[in-house]
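K.L.:
Here you go, one structure.
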Amino acid sequence: MCYSKNTMEIKNIPLSQIRRPLPRQTDPEKVNQLMQSIAEEGLREPIDVLEVDGNYYGFSGCHRFAAHQRLGKETILCRVRRAPKSVLAKHIA
Numbered sequence: 001m002c003y004s005k006n007t008m009e010i011k012n013i014p015l016s017q018i019r020r021p022l023p024r025q026t027d028p029e030k031v032n033q034l035m036q037s038i039a040e041e042g043l044r045e046p047i048d049v050l051e052v053d054g055n056y057y058g059f060s061g062c063h064r065f066a067a068h069q070r071l072g073k074e075t076i077l078c079r080v081r082r083a084p085k086s087v088l089a090k091h092i093a
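Quick note: the sequence shown, position 55, residue 55 per UniProt numbering, numbers continuous.
If you want it as structure tokens, here you go:
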């Protein structure tokens, strides 16, 4: 399914509101490097999340997400795409 540009926005979302239904393993060294970079320069690239019925789901950006958690940040910059439940189901399948 394609997304039109008018269904995407960039915004800060609390980490606690982002559901990660497909946990992925992270490389601790990569997380450490990102922590240093984020602490010095901020997040360079937002993570992608789907917004379905007001809930946020993250499927990528696991290292950036983990770095934010370890830094004690409350929010993370996200590229949000609104989508129907059918799109979410395809990501989880």
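Backbone N, C-alpha and C define an ideal beta-carbon position, used for all residues, glycine too.
I'd like to confirm the pairing. Which residues does DSSP put opposite Ile38 in its beta bridges?
P.N.:
In the DSSP output, where bridge partners are listed per residue, Ile38 has none listed.
K.L.:
What would DSSP say about Leu15, mapped onto helix, strand or coil?
P.N.:
Note: Leu15 maps to helix in three-state DSSP.
K.L.:
For the stretch 22-33 and the stretch 81-89, state whether three or more C-beta atom pairs, one from each stretch, are separated by less than 8 angstroms.
P.N.:
Output reads no: the stretch 81-89 does not touch the stretch 22-33.
K.L.:
In the DSSP assignment, what are the bridge partners of Asp48?
P.N.:
According to DSSP, which records beta bridges pairwise, Asp48 is partnered with Arg79.
K.L.:
Over what stretch of residues does the alpha helix (DSSP H) that includes Arg70 continue unbroken?
P.N.:
Counting along the chain, the alpha helix (DSSP H) containing Arg70 begins and ends at 62-71.
K.L.:
Just to confirm my understanding: we take Arg20, look at its own chain, exclude 5 residues before and 5 after, and list those with CB closer than 6 angstroms. What are they?
P.N.:
Around Arg20: Gly58.
K.L.:
Which residues in the same chain have their Cβ closer than 6 angstroms to the Cβ of Ile10, if we skip the five residues on either side of it in sequence?
P.N.:
Contacts found: Pro46, Arg79.
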